[in-house]
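Residue numbers (the working numbering): 61 to 171.
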């Protein structure tokens with residue numbers, strides 16, 4: 061059994077940071093996202109400001125930029141979750157998963 065070390069987690073997090081730098085460097089015209097950087101070579105971007113319509117537009121623009129097909133699911137509480145993911149390769153050769161996520165409620169869409 062392979063033991064995953066703290067050094068492995070750091071290396072994976074550095075890979076995610078490398079990819080984050082690359083995908084944001086060529087997206088200067090897009091609205092910014094709030095990004096979460098995981099120690100498992102994963103990034104999650106989420107619009108965190110603006111009206112509900114602005115947040116959805118931001119998510120859609122980023123999805124188009126990254127080539128992500130978004131899926132939509134309505135939960136039992138009526139909240140709509142939109143999400144999708146893709147992968148990019150960091151300079152160190154590590155594959156990094158990039159996810160986009162937005163959760164909203166139906167009455168938010170009226171704003």
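Note that CB positions come from ideal geometry on N, CA and C, so glycine has one too.
message: Give me the DSSP bridge partner(s) of residue 143.
response: Mapped onto the chain shown, residue 143 falls at position 83. In DSSP, residue 143 forms a bridge with 131 and 161.
query: Looking at the structure shown, is residue 156 part of a helix, part of a strand, or coil, going by DSSP?
result: Walking along the chain shown from the start, residue 156 turns up at place 96. Of the three classes helix, strand and coil, the one that applies to residue 156 here is strand, per DSSP.
- request: Leaving aside the five residues before and after residue 153 along the sequence, list all residues of the same chain whose C-beta is less than 8 angstroms from its C-beta, in chain order.
  value: In the chain shown, residue 153 corresponds to position 93, counting from 1. So no residue of the chain qualifies.
- prompt: Fully enclosed by the region 105 to 130, which beta strand (DSSP E) runs are 3 residues long or longer?
  reply: none
task: Would you list the one or two residues that DSSP bridges to residue 103?
output: Taking the first residue of the chain shown as 1, we reach residue 103 at position 43. Answer by DSSP bridge pairing, in chain order: 97 and 158.
Through-space distance from residue 80 to residue 104, alpha-carbon basis: Taking the first residue of the chain shown as 1, we reach residue 104 at position 44. Taking the first residue of the chain shown as 1, we reach residue 80 at position 20. The straight-line gap from Cα to Cα measures roughly 10 angstroms.
- request: Could you check the C-alpha separation between residue 93 and residue 111 for me, to the nearest Å?
  value: Position 33 of the chain shown, counted from the start, is the residue given in the question as residue 93. Position 51 of the chain shown, counted from the start, is the residue given in the question as residue 111. Their Cα atoms are separated by approximately 14 angstroms.
- prompt: Looking at the structure shown, is residue 149 part of a helix, part of a strand, or coil, going by DSSP?
  reply: For the purposes of this step, residue 149 is taken as residue 89 along the chain shown, with counting starting at 1. Residue 149: strand per DSSP, three-state reduction.
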